[in-house]
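Chemist:
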Amino acid sequence: MTNPDDLLPEGLEDRLPREAKAVSTAMRQILDVMDAHGYDRVSPPLVEFEKSLAGRMAGGNDGATARRMFRFVDPVSLRMLAVRSDITPQVGRIAATGMAAAARPLRLCYGGEVALIRADQLDPARQRLQLGAELIGNDTVTAAAEMVALAIEALEGAGAKGISVDFTLPDLVDILASKAMPLAPERIADVRRELDTKDAGGLAQVPGGEAYMPLLYATGPFEHAIARLRDVDAGGALASRIAGLRQIAERVADRARLTLDPTERHGFEYQSWFGFTIYADGVRGAVGRGGTYAIGGTGEPATGFSLYIDALIDALQASPAGDTLFLPLGHDRDIAARLRAVGWRTIEALSDSDDAQALGCTHHLVGIDPVAY
Amino acid sequence: MPQMLTFAVPKGRILDEALPVMARAGVVPDDAFHDKANRSLSFATTSDDMRLIRVRAFDVATFVAHGAAQIGIVGSDVIEEFEYADLYAPVDLDIGHCRLSVAEPAERGTSADGTSHLRVATKYPNITRRHFEAQGIQAECVKLNGAMELAPSLGLSGRIVDLVSTGATLKQNGLVETSRIMEISARLIVNRAALKTDARVAALVDAFRGNARSGNQGGAAAA
Numbered sequence: 001m002t003n004p005d006d007l008l009p010e011g012l013e014d015r016l017p018r019e020a021k022a023v024s025t026a027m028r029q030i031l032d033v034m035d036a037h038g039y040d041r042v043s044p045p046l047v048e049f050e051k052s053l054a055g056r057m058a059g060g061n062d063g064a065t066a067r068r069m070f071r072f073v074d075p076v077s078l079r080m081l082a083v084r085s086d087i088t089p090q091v092g093r094i095a096a097t098g099m100a101a102a103a104r105p106l107r108l109c110y111g112g113e114v115a116l117i118r119a120d121q122l123d124p125a126r127q128r129l130q131l132g133a134e135l136i137g138n139d140t141v142t143a144a145a146e147m148v149a150l151a152i153e154a155l156e157g158a159g160a161k162g163i164s165v166d167f168t169l170p171d172l173v174d175i176l177a178s179k180a181m182p183l184a185p186e187r188i189a190d191v192r193r194e195l196d197t198k199d200a201g202g203l204a205q206v207p208g209g210e211a212y213m214p215l216l217y218a219t220g221p222f223e224h225a226i227a228r229l230r231d232v233d234a235g236g237a238l239a240s241r242i243a244g245l246r247q248i249a250e251r252v253a254d255r256a257r258l259t260l261d262p263t264e265r266h267g268f269e270y271q272s273w274f275g276f277t278i279y280a281d282g283v284r285g286a287v288g289r290g291g292t293y294a295i296g297g298t299g300e301p302a303t304g305f306s307l308y309i310d311a312l313i314d315a316l317q318a319s320p321a322g323d324t325l326f327l328p329l330g331h332d333r334d335i336a337a338r339l340r341a342v343g344w345r346t347i348e349a350l351s352d353s354d355d356a357q358a359l360g361c362t363h364h365l366v367g368i369d370p371v372a373y
Numbered sequence: 001m002p003q004m005l006t007f008a009v010p011k012g013r014i015l016d017e018a019l020p021v022m023a024r025a026g027v028v029p030d031d032a033f034h035d036k037a038n039r040s041l042s043f044a045t046t047s048d049d050m051r052l053i054r055v056r057a058f059d060v061a062t063f064v065a066h067g068a069a070q071i072g073i074v075g076s077d078v079i080e081e082f083e084y085a086d087l088y089a090p091v092d093l094d095i096g097h098c099r100l101s102v103a104e105p106a107e108r109g110t111s112a113d114g115t116s117h118l119r120v121a122t123k124y125p126n127i128t129r130r131h132f133e134a135q136g137i138q139a140e141c142v143k144l145n146g147a148m149e150l151a152p153s154l155g156l157s158g159r160i161v162d163l164v165s166t167g168a169t170l171k172q173n174g175l176v177e178t179s180r181i182m183e184i185s186a187r188l189i190v191n192r193a194a195l196k197t198d199a200r201v202a203a204l205v206d207a208f209r210g211n212a213r214s215g216n217q218g219g220a221a222a223a
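Chains as they are written, first to last, in UniProt numbering: chain A, 1 to 373; chain B, 1 to 223.
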């Protein structure tokens with residue numbers, strides 16, 4: 001029986017060889033796609049000052065996101081440190097400091113583990129692999145289209161099937177509330193909250209909320225929903241947004257199923273005019289999300305996305321175990337090296353009693369040739 | 001054959017009122033569903049690609065939020081208690097009306113004013129905590145799964161937070177309703193990812209919306 005002390009804390013797990021291999025393959029494929037599109041990888045540290053990290057998160061230093069970080073006092077500086085729960089703010093910090101002078105638009109990508117001190121019941125993992133790309137210095141329609149296309153290509157590279165992208169307009173309520181569908185400032189949060197859960201009943205009870213009701217129906221398959229959104233568009237306040245969405249959709253329409261949900265705000269707390277969520281077959285919940293935003297501190301515009309591929313790995317078909325060649329005692333090391341150079345994976349005998357097949361070998365070396373068992 | 005859709009309905013209070021609403025939207029369970037002796041928890045429907053599961057109200061929200069069921073019916077009390085981010089409540093079905101209220105023993109008649117800490121027995125610890133926090137009171141919640149009304153008389157807690165429809169149960173147990181936290185009605189709930197990736201879910205939402213609208217015009221509210 002396993003000693004209870006050897007169990008892992010809730011929300012943490014080991015990736016054993018087969019899964020670990022699948023994760024590193026998918027990670028490599030995604031980073032390769034980003035690299036091929038000119039995104040330079042950066043690798044920020046696991047731990048940094050809490051103030052800088054939290055300050056660039058949704059809700060700032062007191063936000064709910066920032067509260068979910070592991071935090072402790074740095075014995076050296078006596079300041080508060082935090083373990084990153086999101087790499088995006090770190091990339092924002094790099095863009096605002098170390099690479100402030102680099103030419104814009106700046107294309108950066110990253111991949112690494114993040115941790116949460118407390119997960120929620122829906123997604124109990126407290127450590128996740130986050131991969132992503134940020135296009136810094138630009139939040140135009142063209143930038144957004146590039147990022148959506150890149151996210152789709154990266155996920156396809158990792159083996160995702162049946163990709164579906166949901167577009168949203170995170171600042172929609174702010175725009176409409178200012179003029180077209182006036183709302184008292186103290187009601188904006190209420191309207192947002194009811195739109196978030198798509199609660200028509202609740203929305204009707206908020207004074208001024210009724211005007212927003214048609215937005216609940218402007219959701220679904222892209223062409224259908226955008227037509228409805230155009231019908232809702234009071235006084236043309238949304239005309240440029242609608243044109244932008246169409247342009248992005250045009251670029252990726254043949255690559256993924258597209259839907260629109262203009263009032264979706266879950267997970268888009270710091271995005272500005274455009275946001276998107278990516279789903280894939282066999283994965284419960286989203287595999288990634290992104291959008292346009294302003295970097296905390298400098299306010300520089302940026303567009304980016306993050307992918308959380310742990311759930312995707314579980315959904316992928318396990319790749320068949322590759323061939324492995326057993327090298328008996330006293331084999332020719334030069335030949336073994338040459339075979340490895342052409343792609344063979346080898347396991348070397350340590351003693352006469354090694355059982356090659358039990359160790360997963362499919363071939364053994366006879367003279368200079370690999371022979372199947 | 002497309003993947004099976006799972007529709008979760010709660011046992012008890014709401015179910016009898018929900019069945020006609022579901023039927024108008026085209027969701028009709030097999031006869032086995034109405035057979036009291038049948039112990040199974042999963043039932044076929046008249047549609048080949050949909051099944052019905054009958055679970056506790058709180059579990060309806062959990063099944064749907066996790067995507068184990070794509071769609072369901074549950075009271076707004078349960079939705080508020082969990083605040084699951086992956087849950088949409090697109091249609092107010094206008095059935096199962098009641099309210100969530102604070103009640104306390106009639107004879108004592110004290111109010112919460114001026115107290116900074118009190119103990120409340122409830123099935124809804126999150127809503128209760130939020131309600132009292134908004135008044136600047138730290139509420140210590142004792143989570144019970146039923147028969148909350150017993151708690152004050154046995155000294156378990158000073159107050160309770162529970163569903164009230166007519167108030168008869170409170171009265172019988174010597175309690176009075178001191179404040180209303182929220183009005184409650186049953187909602188159609190759907191899983192966020194399912195709504196966005198499965199056209200059948202969106203079609204069902206439309207069907208329920210259509211019949212909720214015509215129901216409202218007919219004034220079919222059951223209070």
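Ideal placement from N, C-alpha and C gives every residue a C-beta, glycine not left out.
Among B:Ala-147, B:Gln-135 and B:Phe-7, which one has its Cα closest to the Cα of Phe-63 of chain B?
Modeler: Looking at the Cα atoms, B:Phe-7 is the closest of the given residues.
Chemist: With 7 angstroms set as the bound, which would you pick, yes or no: does the beta-carbon of Tyr-88 of chain B sit closer than that to a beta-carbon of chain A?
Modeler: True, the Cβ-Cβ gap to chain A drops below 7 angstroms.
Chemist: Taking 7 angstroms as the CB-CB limit, is His-266 of chain A close to chain B?
Modeler: Output row for His-266 of chain A: interface = yes.
Chemist: Buried or exposed for Gln-70 of chain B, going by 16 or more other Cβ atoms inside 10 Å?
Modeler: Classification of Gln-70 of chain B: buried, given that the 10 Å Cβ count is 16 or more.
Chemist: Given a cut-off of 7 angstroms on the beta-carbon distance, is the pair Ala-151 of chain B and Ala-106 of chain B in contact?
Modeler: Cβ distance not < 7 angstroms, so Ala-151 of chain B and Ala-106 of chain B don't count as in contact.
Chemist: List, in order along the chain, the chain A residues whose C-beta lies closer than 8 angstroms to that of Lys-196 of chain B?
Modeler: Under the 8 angstroms cutoff, chain A gives Ser-164, Asp-166, Thr-259, Asp-261, Thr-277 and Tyr-279.
Chemist: Starting from the beta carbon of Arg-289 of chain A, find every residue of chain B whose beta carbon is closer than 9 angstroms, and list them in chain order.
Modeler: Simply none; closest approach about 12 angstroms.
Chemist: Measuring CB atoms only, is the segment 58-66 of chain A touching the segment 17-27 of chain A, in the sense that at least three cross pairs come out at less than 8 angstroms?
Modeler: Touching, no.
Chemist: Indicate whether Ile-181 of chain B and Leu-100 of chain B have their beta-carbon atoms separated by less than 7 angstroms.
Modeler: Contact: yes.
Chemist: Threshold first: 4 residues or longer. Then list the alpha helix (DSSP H) segments lying entirely within the segment 329-366 of chain A, N to C.
Modeler: The segment 329-366 of chain A contains these whole alpha helix (DSSP H) runs: 333-341.
Chemist: Counting only beta-carbon atoms, is residue 402 of chain A nearer than 7 angstroms to chain B?
Modeler: No information on residue 402 of chain A is available, as it lies outside the stretch 1 to 373 that chain A covers here.
Chemist: Can you give me, in chain order, the residues of the segment 57-73 of chain A that have a beta carbon less than 7 angstroms from any beta carbon in chain B?
Modeler: The residues in question: there are none.
Chemist: Count the other C-beta atoms from every protein chain shown that fall within 10 angstroms of the C-beta of Ile-163 of chain A, then say buried if there are 16 or more, exposed otherwise.
Modeler: When all chains shown are included, Ile-163 of chain A counts as buried.
Chemist: Is the beta carbon of Leu-118 of chain B less than 7 angstroms from the beta carbon of Ala-103 of chain B?
Modeler: No, the Cβ-Cβ distance between Leu-118 of chain B and Ala-103 of chain B is not below 7 angstroms.
Chemist: With a floor of 3 residues, list each beta strand (DSSP E) that falls wholly inside the segment 64-100 of chain A, ordered by position along the chain.
Modeler: Whole beta strand (DSSP E) segments, 3+ residues: 71-73 and 80-83.
Chemist: Among residues of its own chain, excluding the 5 on either side of Leu-176 of chain A, which ones have a beta-carbon nearer than 6 angstroms to its beta-carbon?
Modeler: There are no such residues.
Chemist: Mind listing the chain B neighbours of Leu-216 of chain A? Cutoff is C-beta to C-beta under 8 angstroms, in chain order.
Modeler: Going along chain B in sequence order, the residues near Leu-216 of chain A (Cβ under 8 angstroms) are Pro-90.
Chemist: Going along the segment 143-177 of chain A in order, which residues come within less than 7 angstroms of chain B, judged by CB to CB distance?
Modeler: Flagged, chain order: Ser-164 and Asp-166.
Chemist: Going straight from the alpha carbon of Glu-10 of chain A to that of Arg-130 of chain B, what length do you get?
Modeler: Their Cα atoms are separated by approximately 26 angstroms.
Chemist: So with CB distances below 8 angstroms, who are the chain A contacts of Gly-67 of chain B?
Modeler: Within chain A, the residues near Gly-67 of chain B are Arg-284 and Gly-285.
Chemist: Using DSSP's beta-bridge definition, name the partner residues of Pro-221 of chain A.
Modeler: DSSP output for Pro-221 of chain A lists A:Thr-259 as bridge partner(s).
Chemist: Check whether the Cβ of Gly-201 of chain A lies closer than 7 angstroms to any Cβ atom in chain B.
Modeler: Yes - at least one Cβ of chain B is within 7 angstroms of the one on Gly-201 of chain A.
Chemist: Would the segment 339-346 of chain A and the segment 32-41 of chain B be scored as touching if the rule is three or more Cβ pairs under 8 angstroms?
Modeler: Output reads no: the segment 32-41 of chain B does not touch the segment 339-346 of chain A.
Chemist: For Leu-195 of chain A, which option in B:Ala-207, B:Ile-137, B:Asn-173 and B:Ala-85 has the closest C-alpha, if you only look at C-alpha atoms?
Modeler: Measuring from the Cα of Leu-195 of chain A, the nearest candidate turns out to be B:Ala-85.
Chemist: Leaving aside the five residues before and after Gln-357 of chain A along the sequence, list all residues of the same chain whose C-beta is less than 7 angstroms from its C-beta, in chain order.
Modeler: If we look at Gln-357 of chain A and ignore the five residues flanking it on each side, its Cβ neighbours are Tyr-373.
Chemist: Is it true that the segment 294-301 of chain A meets the segment 88-104 of chain A, where meeting means three or more beta-carbon pairs spaced less than 8 angstroms apart?
Modeler: With a cut-off of 8 angstroms, the segment 88-104 of chain A and the segment 294-301 of chain A count as touching, because enough Cβ pairs lie within range.
Chemist: Would you identify the three-state DSSP class for residue 377 of chain A, choosing helix, strand or coil?
Modeler: Because chain A in this structure spans residues 1 to 373, residue 377 of chain A falls outside the shown range and cannot be described.
Chemist: What number of angstroms, rounded off, separates the C-alpha of Gln-271 of chain A from the C-alpha of Ala-302 of chain A?
Modeler: The alpha-carbon atoms of Gln-271 of chain A and Ala-302 of chain A are separated by roughly 10 angstroms.
Chemist: Leaving out five residues before and five after Glu-113 of chain A in sequence, what residues of the same chain have Cβ atoms less than 8 angstroms from its Cβ?
Modeler: Same-chain partners within the cutoff: Leu-46, Gln-127, Arg-128, Leu-129 and Gln-130.
Chemist: With respect to 6 angstroms, is the separation between the Cβ of Ala-134 of chain B and the closest non-hydrogen atom of the ligand FMN below this value?
Modeler: Ligands are entirely absent from the displayed structure, and the ligand FMN is therefore not among its contents.
Chemist: Leaving out the 5 sequence neighbours to the left and right, which residues in its chain are closer than 7 angstroms to Ala-200 of chain A when beta-carbon positions are compared?
Modeler: Once the five neighbours on either side are set aside, the close Cβ partners of Ala-200 of chain A are Met-213 and Leu-216.
Chemist: For the candidate residues A:His-37, A:Gly-111, A:Gly-209 and A:Ala-103, whose alpha-carbon lies nearest to that of Glu-186 of chain A?
Modeler: Looking at the Cα atoms, A:Gly-209 is the closest of the given residues.
Chemist: Quick one, are the C-beta atoms of Phe-305 of chain A and Cys-361 of chain A less than 7 angstroms apart?
Modeler: No; because the gap between Cβ atoms is not below 7 angstroms, this pair is not in contact.
Chemist: Of all Cβ atoms in chain B, is any one closer than 7 angstroms to the Cβ of Arg-197 of chain A?
Modeler: Per the sequence shown, the amino acid found at residue 197 of chain A is Thr instead of Arg. Yes, because at least one Cβ of chain B sits closer than 7 angstroms to the Cβ of Thr-197 of chain A.
Chemist: For a contact defined as C-beta to C-beta under 8 angstroms, what are the partners of Ala-61 of chain B on chain A?
Modeler: Per Cβ cutoff of 8 angstroms: no residues; Ala-61 of chain B is ~11 angstroms from chain A at best.
Chemist: If I follow the unbroken alpha helix (DSSP H) through His-131 of chain B, where does it start and stop?
Modeler: Per DSSP, His-131 of chain B belongs to the alpha helix (DSSP H) from 125-133.
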